[in-house]
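Q: Before I ask anything, let me first share the structure, which is written out below as structure tokens.
Protein chains in written order, with this note's numbering: chain A, 38 to 304; chain B, 10 to 399.
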């Protein structure tokens with residue numbers, strides 16, 4: 038039980054980011070505790086948060102949460118039910134009722150100093166297009182996407198492009214996707230093993246795996262080391278876009294065309 | 010994007026939700042019958058309808074699920090929107106018009122407040138600008154974004170692995186959270202690629218919607234001192250911008266993953282429950298007038314001074330309870346956890362108020378409001394434990 042309590046406590050600590058912003062909310066909470074008289078506000082902004090924190094840290098809550106089939110990694114979202122922003126901002130309004138301008142300046146400065154600007158995140162970059170995905174992905178997908186919208190192609194993509202391909206075009210399949218990039222999920226995929234695990238790609242192994250998965254295209258960076266030149270192994274270099282080489286496998290292309298012809302005749 | 014796309018987006022993201030929100034407005038207190046509340050209610054009702062229509066469609070249709078969904082969902086929401094407009098027109102005749110007090114108050118607002126309001130709008134404008142021009146990478150998009158695109162391009166709902174494109178059994182873990190389906194729907198109806206919609210357009214609508222909800226919350230909290238409302242809103246806007254103290258906070262989700270259901274849960278569904286409870290147990294501070302009026306009439310202060318108006322039937326609470334029950338189902342569109350949290354919040358708050366007021370009826374009403382959510386949770390458990398198989 039103590040271990041579960043400590044786990045929940047660590048989640049709480051991680052949630053606060055060890056920054057003082059939530060300390061501000063705590064100060065505002067104390068202001069409301071002392072000054073707020075309206076029962077609805079008192080219950081919702083003063084007493085309910087205390088109960089939520091207590092329940093959050095209570096080991097049985099976490100056990101019930103997981104037992105209910107919910108992902109234990111999302112337990113921190115219970116803390117979303119505490120309206121910290123509302124508590125802080127309303128508390129500041131109550132504290133500086135008679136000195137609004139001073140209160141606004143002081144509280145704004147404190148929020149800015151104690152908080153962390155969301156746009157400073159390393160995951161936020163200038164958008165290259167309205168899709169908010171890299172232009173490179175769009176160029177590569179436009180090059181390999183089938184002309185007939187009913188057709189589908191399968192392509193092996195480098196890890197840095199994997200997330201975006203199927204957000205741009207759902208008709209492009211991949212032998213593996215994001216699930217292979219998250220180690221703790223523990224998935225296995227033969228193409229991934231051949232393509233990403235070794236420092237030098239064994240082309241024979243890679244082609245055996247891609248042909249089994251009917252991958253028509255293999256996209257790799259120019260720098261990707263291979264034991265043999267892909268073109269020597271029968272692949273055709275169809276294009277080079279922004280440092281990525283797009284190889285087509287004629288063997289798979291022929292097999293897939295055969296299927297498609299069969300399906301068209303069936304229809 | 011051309012003009013017809015823009016018109017379509019305004020129609021489906023603003024006009025339709027607003028008109029749908031007009032429908033339950035007569036059930037609320039006059040003070041709450043504002044355009045902002047109509048928009049908030051509209052979204053709550055839309056997501057309730059989305060769940061009611063979408064879940065059976067997804068569960069029972071292996072092929073062409075999206076086409077079937079469009080065929081059912083569109084007439085339902087258009088009828089609701091038309092009903093909302095109709096009710097509004099009839100309501101004006103009965104004295105239940107929309108409350109534009111906020112706009113009327115603007116003329117009486119002091120310059121200092123006006124400046125602060127403009128400052129708040131600039132902060133929101135900056136957030137919208139950043140949402141439009143900055144790309145925020147998140148791995149979960151490979152799931153949610155692709156799932157929405159599969160609906161739009163392949164006409165299949167939750168039966169394709171979004172990471173690879175292979176056919177797969179029904180994804181029971183996510184199948185009840187239909188937020189990607191709503192995005193695919195808006196994208197298809199307005200002719201916009203769903204990834205553009207999610208990353209560039211939806212944040213513009215949802216950021217504004219969240220602030221409208223906070224504005225309504227602020228109106229209740231600062232009822233006695235409305236001059237502080239601009240200050241409250243500026244602080245809230247700053248809190249949202251500087252609240253990214255970790256990757257876990259709702260504020261981080263708000264501006265970096267606005268288009269994902271989980272962000273909607275943390276920044277709309279959960280604050281909506283708080284707002285509803287503030288409204289439900291708001292102490293009525295209206296002054297009591299000792300004028301002899303005909304039965305069914307009362308007086309109130311308005312922009313034109315003291316005016317006589319028809320007395321409201323009931324105390325407007327029935328409507329709020331109804332909206333609460335809708336929130337407790339609509340939340341499921343964003344994530345399965347959201348519905349559990351909104352129901353737990355409702356029950357917890359209900360218990361506290363019942364205890365405080367020594368009224369068991371409050372607990373019963375809250376319990377009834379959680380019935381739709383409980384049905385959702387039951388369905389989720391049946392699906393995830395393999396008891397119900399589609």
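Virtual Cβ for every residue (Gly too), placed ideally from N, Cα, C.
Do residue 221 (chain B) and residue 48 (chain B) have their C-beta atoms within less than 8 Å of each other?
A: Yes, Cβ-Cβ distance for residue 221 (chain B) and residue 48 (chain B) is below 8 Å.
Q: Start and end of the beta strand (DSSP E) containing residue 261 (chain A)?
A: Per DSSP, residue 261 (chain A) belongs to no beta strand (DSSP E) and is neither H nor E.
Q: Measure the Cβ-Cβ separation of residue 257 (chain B) and residue 51 (chain A) and say whether it is below 8 Å.
A: A contact, by the Cβ cut-off of 8 Å.
Q: Sorted by chain position, which residues of the same chain lie with C-beta nearer than 8 Å to residue 411 (chain B)'s C-beta, five sequence neighbours on each side aside?
A: No answer is possible for residue 411 (chain B): it lies beyond the span of chain B, which begins at 10 and ends at 399.
Q: In chain A, which residues lie with their C-beta within 9 Å of the C-beta of residue 375 (chain B)?
A: The contacting residues do not exist; residue 375 (chain B) stays about 13 Å from chain A at best.
Q: Between which two residues does the beta strand (DSSP E) holding residue 74 (chain A) run?
A: Here residue 74 (chain A) belongs to no beta strand (DSSP E), and DSSP marks it neither H nor E.
Q: Which residues in chain B sit within 7 Å of residue 297 (chain A), going by Cβ to Cβ distance?
A: Those within 7 Å of residue 297 (chain A) in chain B number zero; the least Cβ separation is about 16 Å.
Q: Residues of the region 229-244 of chain B in Cβ contact with chain A at a cutoff of 8 Å, in chain order, please.
A: Flagged, chain order: 230, 231, 234, 236, 237, 240, 241, 243 and 244.
Q: Could you tell me whether any Cβ in chain A is nearer than 8 Å to the Cβ of residue 257 (chain B)?
A: At least one chain A Cβ lies under 8 Å of residue 257 (chain B).
Q: Could you tell me the boundaries of the beta strand (DSSP E) in which residue 172 (chain B) lies?
A: No beta strand (DSSP E) contains residue 172 (chain B), which DSSP labels as neither H nor E.
Q: Consider the Cβ of residue 139 (chain B): report whether some Cβ of chain A lies at a distance smaller than 8 Å.
A: With 8 Å as the cut-off, residue 139 (chain B) counts as an interface residue toward chain A.
Q: Which residues does DSSP list as the beta-bridge partners of residue 340 (chain B)?
A: Beta-bridge pairing links residue 340 (chain B) to no other residue.
Q: At the 8 Å Cβ level, is residue 40 (chain B) part of the contact set with chain A, yes or no?
A: It does not; no Cβ of chain A falls within 8 Å.
Q: If you measure from the beta carbon of residue 211 (chain A) to each beta carbon in chain B, is any gap under 8 Å?
A: Chain B contact via Cβ: present.
Q: I want to verify the contact list: residues of chain B whose CB lies under 8 Å from the CB of residue 60 (chain A), in sequence order.
A: The premise fails here: residue 60 (chain A) is roughly 10 Å from chain B at the closest Cβ pair, so nothing lies under 8 Å.
Q: Please identify the residue among B:189, B:142 and B:288 whose C-alpha is closest to the C-alpha of residue 2 (chain B).
A: What is shown of chain B runs 10 to 399, which leaves residue 2 (chain B) out entirely.
Q: DSSP state of residue 202 (chain B), grouped into three classes?
A: Coil at residue 202 (chain B), not helix or strand.
Q: Mapping DSSP to helix, strand and coil, what is residue 272 (chain A)?
A: Correct three-state label for residue 272 (chain A): coil.
Q: Considering only C-alpha positions, which residue in the set B:390, B:353, B:75 and B:28 is nearest to residue 90 (chain B)?
A: Of B:390, B:353, B:75 and B:28, the residue nearest in Cα terms is B:28.
Q: Mind checking residue 280 (chain B): buried by the 16 CB within 10 Å criterion, or exposed?
A: Buried: at least 16 other Cβ atoms inside 10 Å.
Q: From which residue to which residue does the alpha helix (DSSP H) around residue 261 (chain B) run?
A: Its alpha helix (DSSP H) spans residues 259-265.
Q: What does residue 164 (chain B) reach in chain A if we use C-beta pairs closer than 8 Å?
A: Within 8 Å Cβ-Cβ: nothing; residue 164 (chain B) doesn't reach chain A, min ~10 Å.
Q: At what residue ranges does the region 227-258 of chain B contain a whole run of the alpha helix (DSSP H), taking only runs of 4 or more?
A: Counting whole runs of 4 or more residues, the region 227-258 of chain B contains the alpha helix (DSSP H) stretches 238-251.
Q: Span of the beta strand (DSSP E) holding residue 193 (chain A)?
A: First-last of the beta strand (DSSP E) with residue 193 (chain A): 190-193.
Q: Using a Cβ-Cβ distance cut-off of 8 Å, determine whether residue 106 (chain A) contacts chain B.
A: Answer yes: the Cβ-Cβ gap between residue 106 (chain A) and chain B drops below 8 Å somewhere.
Q: Report, in whole angstroms, the separation of the C-beta atoms of residue 54 (chain A) and residue 245 (chain B), which I expect to be a contact under 8 Å.
A: At roughly 19 Å, the Cβ-Cβ gap does not stay under 8 Å, so residue 54 (chain A) and residue 245 (chain B) are not in contact.
Q: For the region 172-187 of chain B, which residues have a beta carbon sitting closer than 8 Å to at least one beta carbon of chain A?
A: Hits within the stretch, in order: 172, 173, 174 and 175.
Q: Can you check whether the CB of residue 152 (chain A) is closer than 8 Å to the CB of residue 252 (chain B)?
A: The answer is yes: Cβ separation under 8 Å.
Q: Using C-beta distances below 8 Å, list every residue in its chain close to residue 188 (chain A), excluding the 5 sequence neighbours before and after it, in chain order.
A: Correct list, in chain order: 208 and 297.
Q: Identify whether residue 291 (chain B) lies in helix, strand or coil by the three-state DSSP scheme.
A: DSSP places residue 291 (chain B) in coil when its eight states are reduced to three.
Q: Using the C-alpha atoms, what's the distance from residue 214 (chain A) back to residue 184 (chain B)?
A: One C-alpha to the other measures close to 20 Å.
Q: Does DSSP put residue 234 (chain A) in a helix, in a strand, or in coil?
A: Reduced to three states, the DSSP call for residue 234 (chain A) is coil.
Q: Since residue 191 (chain A) and residue 251 (chain A) should fall inside the 8 Å C-beta cutoff, what is the C-beta to C-beta distance between them, to a whole number of angstroms?
A: Going by Cβ atoms, the distance from residue 191 (chain A) to residue 251 (chain A) rounds to 6 Å, so yes, they are a contact pair.
Q: Mind reading off the beta-carbon distance from residue 345 (chain B) to residue 378 (chain B)? Whole number of angstroms is fine, and I expect it under 8 Å.
A: That belief does not hold up - the Cβ atoms of residue 345 (chain B) and residue 378 (chain B) are roughly 18 Å apart, past 8 Å.
Q: Could you name each continuous alpha helix (DSSP H) segment of 4 residues or more that falls completely within the region 64-137 of chain B, going from the start of the chain to the end?
A: DSSP runs (the alpha helix (DSSP H)) wholly in the region 64-137 of chain B: 74-102 and 110-117.
Q: Tell me the rounded alpha-carbon separation between residue 393 (chain B) and residue 210 (chain A).
A: The straight-line gap from Cα to Cα measures roughly 27 Å.
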